[in-house]
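Undergrad: Take a look at this one; I'll ask things after.
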Amino acid sequence: MAWHRAEACSRRLAQIPGVGPIGASRLVMKTPAPETFRSARHFAVWLGLTPKDHSTASRVRLGVITRAGDEALRSVLVAGATAVIRHVRRGRGAVSPWLVAYSSASRRNSLPWR
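The structure is reproduced here in structure tokens:
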């Protein structure tokens, strides 16, 4: 925790809902320079959070996440995101309108974390 308090980038990342000091410290320690990634999508691929592609020429099929990348970092970030989603569903905390719309009752059947 002393390292986290001394590192400005880690403190800034910890302010993101669901990241916290452990997730922020792991992100700063394990992630290469942000300039390495051309987009957020490339960063998600590096983390292993994108679905596997089982598509054919006529049909698009996406599978489970690829699980490439650092397992500990990914698990901390997924746990934090799951906690934020639970808070939204219970009506606690200020969150983005996108997340509220995504977890609304109309989409409830398609959510994997029900």
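According to my numbering, the residues represented by the sequence shown are 1 to 114, in order.
Cβ atoms here follow ideal geometry from the backbone N, Cα and C, with glycine treated the same way.
Measure the C-alpha to C-alpha separation of THR50 and SER25 and round it to an integer number of angstroms.
TA: Spanning the two alpha carbons is a distance of roughly 22 Å.
Undergrad: Just to confirm the assignment: which complete alpha helix (DSSP H) runs, minimum length 4, are found wholly within the segment 21-96?
TA: Correct list: 40-47 and 71-89.
Undergrad: When you compare only the Cα positions, how much space is there between LYS30 and ALA101?
TA: The alpha-carbon atoms of LYS30 and ALA101 are separated by roughly 32 Å.
Undergrad: Can at least three beta-carbon pairs, one atom from the segment 56-64 and one from the segment 30-44, be found at a separation below 8 Å?
TA: These segments do not touch.
Undergrad: Does ARG114 come out as helix, strand or coil in the three-state DSSP assignment?
TA: Because the pLDDT of ARG114 is 47, which lies under 50, any placement of that residue in the model is unreliable, and the number read from its coordinates should be weighed accordingly. Note: ARG114 maps to coil in three-state DSSP.
Undergrad: Identify whether VAL19 lies in helix, strand or coil by the three-state DSSP scheme.
TA: Three-state result, VAL19: coil.
Undergrad: Among THR36, ARG89, SER55 and ALA8, which one has its Cα closest to the Cα of TRP46?
TA: Comparing Cα-Cα distances from TRP46 to each of THR36, ARG89, SER55 and ALA8, the minimum goes to THR36.
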